[in-house]
Each structure stands twice: as structure tokens, then as C-alpha cells.
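Data first, discussion second: the structure below is written as C-alpha cells.
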Amino acid sequence: MRIVVGIAFAGFLGAISRYGVGFLFPRADSGDFPWATLFINLSGSLLLGALAGLLIRRRAPVWFGEVAGTGFLGAFTTFSAFNGQLWQMCQQQAYAAASIYALLSMLGGWGLAAAGLAWGRRGAS
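In my numbering, the protein residues as written are 8 to 132.
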């Protein structure tokens, strides 16, 4: 039961963090590039990779992975917002920006997850 409560609390913190980060960037619904969602998903990929590396090295207990990964990072990152913003950009016929956004999100997410994994495996210093 403690893990469930931990996941719920970490999810609350992740959601509030995601909401707060949104204020650091222009709003995507104003026609601007969705920088906030890109930042959130890329930084979340890095952190999830680092968490996986820590868990592989057994530098963090399994429960921490569940709380931080499922709770905080699950609420912090947002694939649904990514898809919604990508769809909106295509509806506005901003195909070049939509393509750049999709490529940066996917390739950047994979690259940062790999970097985070390497970072977590060797120990974040």
C-alpha cells in the first residue's frame, strides 16, 4: 500500500511540475512551437533513462523505480499532449514545423533516454 501512496504522491508532484514548466515557454495554442511539451518529454526521457540505469546497477530500490518512474515521470511526461499539438500543427498546415517537432521529440527522446541510461549505469555525479 505504501508504494501505491508513493506513486500517487509522486504523480501529483509530476503533474504539478509539468504544469509549472508550461509557464516557462510560450503557449502552444497561440500558434507557437510547442517548446514546453518538447522540453518535458525530452527531459523526462533523460530522467527515465537515468532511473533505469540506476535500477540496473542496483543503486536504487525497485520501489523507487516504481514511484519515480510510474508516478512522477508518468505524470510529468505527456504523449497525449505531443500528439494533440502535432495534430494542431498539421491542421494549421505548419507541416515543416510539425515534422521538426516530431523528429526532435522522437530522436531526441531516444537519444536522451540512452544518455540517461548510460548516466544512471555509471552513477550520476
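Where is the CB? At the ideal position from N, CA and C, for every residue including glycine.
Residue i vs residue j beta-carbon contact at 9 Å
i, j, result
"residue 48", "residue 106", "no"
"residue 101", "residue 44", "no"
"residue 51", "residue 20", "no"
"residue 110", "residue 60", "no"
"residue 108", "residue 92", "yes"
"residue 17", "residue 75", "yes"
"residue 122", "residue 62", "no"
"residue 70", "residue 130", "no"
"residue 65", "residue 127", "no"
Residue burial classification, residue i (beta-carbon count within 10 angstroms, cutoff 16)
i, result
"residue 11", "exposed"
"residue 96", "buried"
Straight-line gap, residue i to residue j (C-alpha atoms, nearest Å)
i, j, result
"residue 77", "residue 58", "11 Å"
"residue 56", "residue 46", "15 Å"
"residue 82", "residue 104", "26 Å"
"residue 68", "residue 15", "18 Å"
"residue 31", "residue 24", "11 Å"
"residue 33", "residue 119", "23 Å"
"residue 72", "residue 86", "20 Å"
"residue 84", "residue 28", "11 Å"
DSSP state of residue i mapped onto helix, strand, coil
i, result
"residue 39", "coil"
"residue 116", "helix"
"residue 100", "coil"
"residue 59", "helix"
beta-carbon residue i near the ligand SAM non-hydrogen atom, thresh 8 Å
i, result
"residue 72", "Questions concerning the ligand SAM fall outside what the structure shown contains, since it holds no ligand whatsoever."
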